[in-house]
Amino acid sequence: MAHFGDLIARLFGGGTRGLSGDADRVLIDDPELEYFNARLRRHTATDDLVEDPEVIWDGGRDNGRGGLRQHLQQSEYGENLGFTDVLVILSTDDWHRTLEQLREPWTQRAARIIGEQLWAHCEQHDLHQIFPGRPFGFRFIEDGGHEMQGARLGLLRGEFVTGLLPNLYTGPAARSRPVISVLLNIPGEWEGYQEVGRLYSDQVQFTLGTHWLDNYSHPALRAPAIYRLQQYADGSFVHIVNPDCAERYRISSQETDDGPAVLTLSAPQGDPVAHMVLAIVDEGPQILTMSEGDEVTEPAAPDEGLAGRIARASGGRAGQDGAAADAEHRSPDAPTEPGADSPPPPAVPDRPEPTSGPLSEFISAASRTLSHGGNRTVIPADVDERILVLRERGALFQKVHFARFMAGYDVYLGTNGELGTTIKDRAATFEIRGRSIALAPHVDGIRVDGRLVRPGDHLTLDGTHTIEIVGQRLEFHDLRGVSVDGWPYLGEVRRNGGTSHMVFGGTYRVGRDRRCKVRLPDETSNENIVWMPAMAQGGTIRSRNGEIPKSRFYTDSIMVASEHAEIDLTREPVIISRARHCYTYVRRGSDIFALHPTQGRPGPLNMDLQPGDEILIGNCVFAVDYPPAHAPRPVPTRPELSAPRISADVLARAASSVDDAPAARGSGPLSMTDLPPAAGLGERGRAPEGLRLPKAGPDSFMGIDPAE
74 MAHFGDLIAR LFGGGTRGLS GDADRVLIDD PELEYFNARL RRHTATDDLV EDPEVIWDGG
134 RDNGRGGLRQ HLQQSEYGEN LGFTDVLVIL STDDWHRTLE QLREPWTQRA ARIIGEQLWA
194 HCEQHDLHQI FPGRPFGFRF IEDGGHEMQG ARLGLLRGEF VTGLLPNLYT GPAARSRPVI
254 SVLLNIPGEW EGYQEVGRLY SDQVQFTLGT HWLDNYSHPA LRAPAIYRLQ QYADGSFVHI
314 VNPDCAERYR ISSQETDDGP AVLTLSAPQG DPVAHMVLAI VDEGPQILTM SEGDEVTEPA
374 APDEGLAGRI ARASGGRAGQ DGAAADAEHR SPDAPTEPGA DSPPPPAVPD RPEPTSGPLS
434 EFISAASRTL SHGGNRTVIP ADVDERILVL RERGALFQKV HFARFMAGYD VYLGTNGELG
494 TTIKDRAATF EIRGRSIALA PHVDGIRVDG RLVRPGDHLT LDGTHTIEIV GQRLEFHDLR
554 GVSVDGWPYL GEVRRNGGTS HMVFGGTYRV GRDRRCKVRL PDETSNENIV WMPAMAQGGT
614 IRSRNGEIPK SRFYTDSIMV ASEHAEIDLT REPVIISRAR HCYTYVRRGS DIFALHPTQG
674 RPGPLNMDLQ PGDEILIGNC VFAVDYPPAH APRPVPTRPE LSAPRISADV LARAASSVDD
734 APAARGSGPL SMTDLPPAAG LGERGRAPEG LRLPKAGPDS FMGIDPAE
């Protein structure tokens, strides 16, 4: 049984960047995009991915750091996956070459080949699909294609992006059923309610927002993934507002005796952003209220009824690509769900075929169903648990730990302001040698403290400096003057990163290991290390612990433990040191407190956490925030405006309509049969104009005793 905290991590999102996590980032550096950004990875293939689609899985020959396999290994999952389908974005060059594959549509061949590898990986590592019986679906799109609504990533030939998104749904499979019809009203955009999408019985999540990765997008919704509706395999539902917008927006429900319940997304002043009705269009799984310890029983398959069959017919076929010009790239029509008089479907094979185009979780499900005029609506449970938030605030430069065979290491500043140890397009290099840090610019346009610096300059950094590049602003702080036990840090670069959310009542490990709830970066390349001349050649390093392959020495394995610390939320927050050889630090105002490793000189191993504290762990800086116990829920400063009413007849028609003409973008949503592929993540239709918007290594090598 997975802990409820695992579910919250999926629903909320966020990753960590550290000193090496920026190289594969895809979207612009915007905290509101972190939910999507943390689930996307950029790769560079070493072989031709069009000729051999398996390259998308492993990155190609001699590629130890690319491909979907590594993306999966670096993602935070327990025994159950947090997605059902996979997104792959190809460069324009590679996409056009796939159209030349005449013997078999390239996307079908790629889905089959990659799907086989994905299923084999899941079996080997005991990973399971969230909804048993659903095959993995694959969505292949062109960089800058119509699905991306005008956005472009600038991928070159051989570069590709993979996405493991909870809300990605490539279309219904043989046993899929529409469960929820999402009816939306955006004040000032259109009158009444329109259906903007459906949540199917084997779909993890449905999002509303402004981004092309949302299931339904509209600029009036104000933020990416601003509303998230999550379904679990036990039939319960949970919804939240984008946590990075939680201080600006909230969800409330309005129930009346003469109409269905309406959910309202509103600003703190009470101004409504959108009104929603979640209509049940199919009996689907029985909606249960469960708590930990309850026994799970498989609900009987109900008769879907006439309304469900009509609604199912409106789903049409789920094309993999929306444009008619790409018809040869579309998946086949989804098999029709048998009616009440049809024989039961055949048993699902252990490994369903992949298609090109949650596990039973125990949660305290407060999902409620309401009946109105013979039609049912659902009010999902609110996530009102007490939650601790870690917000990444910076990256840390450590001293050179093994001076006998390392002269130092480099950290690169990319042309888009990204920071990492494997950046390709480098604007500057931070050179760490011994206990000194210098900045070496490679391109024009970089400013340090407002002064332009040029390629060839070499600036020694001490004190505090502001570094500006392409609109990104980084702050450097010298940390060499700190006097505290085991202090390894030379400098700190302040910049915002992702957020991690932890529900009170559980314990959460922090480290490089994939089982940690807060996963720190684990970049295995060591090309940024500057070896001593005697160590430049050869593949091993001699130590008193034996011969160690040099490939196992990389920045993260040296400085970050596989399980570095633990945050205990079974009471008021406590951080506990778990690393054998690495320190953890808590910064509270101007004071810094050291938590000692579990081996070596004895010292404090735990400390209470307070809101406003900062945790320095490995190469990351996290700010701590959490509400006081029994804190009241915020209320709008003025009463909310009444939501538009929806009658039972309108509800029935909206949930099952197949004939409504699509409305123009900006004046109303499109009908289900014409939803744009990007906005619907699987539906057919013309795209609208949009806004341009390995296993962890050892605990760490700090415990290695080099040979004399």
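Each residue of the sequence shown is one higher than the one before, starting from 74 at the first, in the working numbering. Where a beta carbon is used, it is the ideal one built from N, C-alpha and C, also for glycine.
With 16 other Cβ atoms within 10 Å as the buried cut-off, status of residue i
i      : result
Met632 : buried
Val346 : buried
Met745 : Residue placement at Met745 is poorly supported in this model, since its pLDDT is 37, which falls under 50; the coordinates are not used for a value here.
Gln342 : exposed
Cys589 : buried
Ser556 : exposed
Gly529 : exposed
Gly619 : exposed
Thr24  : Residue 24 lies beyond the stretch modelled for the chain, which goes from 74 to 781, so this question has no answer here.
Asp103 : exposed
Asp317 : buried
Gly210 : buried
Pro594 : buried
Met605 : exposed
Arg757 : Unreliable placement is indicated for Arg757, whose pLDDT of 43 sits below 50; the coordinate value is still reported in the next sentence. Classification of Arg757: buried, given that the 10 Å Cβ count is 16 or more.
Ile101 : exposed
Leu229 : exposed
Thr337 : buried
Pro453 : buried
Ser663 : exposed
6 Å Cβ shell around residue i - same chain, five flanking residues per side excluded
i      : result
Asn288 : Asn240, Gly270, Phe279, Thr280 and Leu754
Val526 : Pro514 and Ile519
His550 : Thr537 and Glu565
Lys698 : Looking at the sequence provided, one finds Asp at residue 698 rather than Lys. Here the set comprises Val462 and Pro684.
Ala386 : For Ala386, the predicted model reports a pLDDT of 28, less than 50, meaning its position is unreliable; a value from the coordinates is still stated below. Within the same chain, Ala386 has no close Cβ partners at all.
Gln327 : Val335 and Ala716
Thr171 : Val123 and Trp179
Arg499 : Tyr485 and His515
Ala400 : At Ala400 the pLDDT is 35, less than 50, meaning the model places this residue with poor confidence; the figure from the coordinates comes in the next sentence. Contacts found: none.
Cβ pair residue i, residue j closer than 9 Å
i      : j      : result
Ile460 : Ala352 : no
Pro297 : His312 : no
Arg506 : Asp535 : no
Arg323 : Val314 : yes
Gln586 : Ser635 : For the sequence presented, residue 586 should be read as Asp rather than Gln. Yes, the pair counts as a contact, with Cβ atoms nearer than the cut-off.
Ile719 : Ala638 : no
Thr597 : Asp629 : yes
Val543 : Asn489 : yes
Glu541 : Val521 : yes
Leu191 : Val159 : yes
Tyr273 : Arg250 : yes
Ser148 : Gly155 : yes
Val484 : Thr502 : yes
Tyr627 : Asn599 : yes
Arg524 : Leu547 : no
Arg207 : Thr157 : yes
Tyr482 : Ile640 : no
Asp131 : Gly231 : no
Residues of its chain near residue i, where Cβ-Cβ distance is below 8 Å and the 5 sequence neighbours each way are ignored
i      : result
Ser740 : The predicted model places Ser740 with a pLDDT of 33, which falls under 50 and marks its position as unreliable, so this point remains unresolved.
His194 : Arg142, Leu145 and Leu200
Val659 : Ile648, Ile665, Phe666, Leu668, Met680, Leu682, Asp686, Glu687, Ile688 and Leu689
Met69  : A query on residue 69 cannot be resolved here, the shown segment of the chain reaching from 74 to 781 and no further.
Thr89  : Glu465, Gly570, Gly571, Ser573, Val591, Arg592, Leu593, Pro594 and Cys693
Arg225 : Asp216 and Gly217
Leu678 : Ile649, Ser650, Leu668, His669 and Thr671
Chain-order list of residues whose beta-carbon lies under 7 Å from that of residue i (same chain, five-residue window excluded)
i      : result
Pro126 : Arg182, Ala183, Ile186 and Ile187
Asp120 : Val128, Gly133 and Arg134
Thr165 : Glu215, Asp216 and Gly217
May I ask you to verify whether the region 466 to 485 touches the region 636 to 644, counting CB pairs closer than 8 Å and requiring at least 3?
-> Result no; under three Cβ-Cβ pairs closer than 8 Å.
Is there contact here, the region 109 to 118 with the region 229 to 245, by at least three beta-carbon pairs under 8 Å?
-> yes
Complete runs of the beta strand (DSSP E) confined to the region 142 to 191 [at least 3 residues] = 158 to 163
Which ranges would you report for the beta strand (DSSP E) in the region 559 to 611 if only whole runs of at least 3 residues count?
-> 562 to 567, 572 to 576, 580 to 584 and 602 to 604
Any alpha helix (DSSP H) of 4 or more consecutive residues that is wholly inside the region 618 to 696 | 628 to 632
Tell me the start and end of each unbroken beta strand (DSSP E) in the region 195 to 239 that is at least 3 residues and wholly inside, in chain order.
-> 210 to 215 and 232 to 236
Return the chain-ordered ranges of every beta strand (DSSP E) run that is complete within the region 257 to 328 and spans a minimum of 3 residues.
-> If we require 3 residues or more, the beta strand (DSSP E) runs fully inside the region 257 to 328 come out as 267 to 273, 278 to 282, 300 to 304 and 310 to 314.
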